[in-house]
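**Student:**
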Amino acid sequence: MTVRNWITKLLKTSNKVENVFYVSERDKGDYNNLHAHMLIGTNTDMTYKEVKYGLGNVSVGDYQPIYDSEDVCKYVSKHIGKNVDYDFVFKELS
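Each residue of the sequence shown is one higher than the one before, counting from 1 in this note's numbering.
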């Protein structure tokens with residue numbers, strides 16, 4: 001399953017998620033593996049279990065609320081422009 005599929009599932013299964021910005025990048029230790037950083041915009045707090053379930057029970061390594069958005073955005077976007085997949089996905093209003 002791709003990151004885009006995980007996000008589509010999360011947006012469909014959660015009434016808390018409004019948008020997601022993600023960047024998938026190569027692992028330092030194994031260039032053939034990828035991992036993703038996601039910034040999940042919500043209308044209320046979400047638990048680790050809600051995020052994990054919403055993504056389809058995939059492995060969620062680090063999960064924490066953001067208190068310094070500037071530093072987090074710099075960290076998450078550090079590889080943009082270096083052949084990585086990224087997107088900003090919004091929930092479709094019905």
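Ideal Cβ placement from N, Cα and C applies to all residues, glycine included.
Skipping 5 residues on each side, what residues in its chain have a beta carbon closer than 8 angstroms to that of Asn99?
**Tutor:** With the chain represented from 1 up to 94, any question about residue 99 goes unanswered, as that position is not in the structure.
**Student:** Can you list, in chain order, the residues of its chain with a C-beta nearer than 7 angstroms to that of Tyr22? Leave out the 5 residues immediately preceding and following it.
**Tutor:** Val3, Ile7, Ala36, His37, Met38, Tyr86, Asp87
**Student:** Pick helix, strand or coil for Glu70, following the three-state DSSP scheme.
**Tutor:** Helix at Glu70.
**Student:** Under the three-state reduction of DSSP, which class applies to Asn19: helix, strand or coil?
**Tutor:** strand
**Student:** Let me confirm a value: Leu55 is counted as buried when at least 16 other C-beta atoms fall within 10 Å, else exposed. Which label applies?
**Tutor:** buried
**Student:** By how many angstroms is the C-alpha of Asn5 removed from the C-alpha of Asp68?
**Tutor:** 28 angstroms
**Student:** Using the Cα positions of Val89 and Lys28, report the straight-line distance between them to the nearest angstrom.
**Tutor:** 26 angstroms
**Student:** DSSP three-state call for Ile40: helix, strand or coil?
**Tutor:** DSSP, reduced to helix, strand and coil, places Ile40 within a strand of the structure shown.
**Student:** Could you round the C-beta distance between Ile40 and Val58 to whole angstroms and report it? I think they count as a contact, below 8 angstroms.
**Tutor:** With a Cβ gap of about 14 angstroms, Ile40 and Val58 do not count as contacting.
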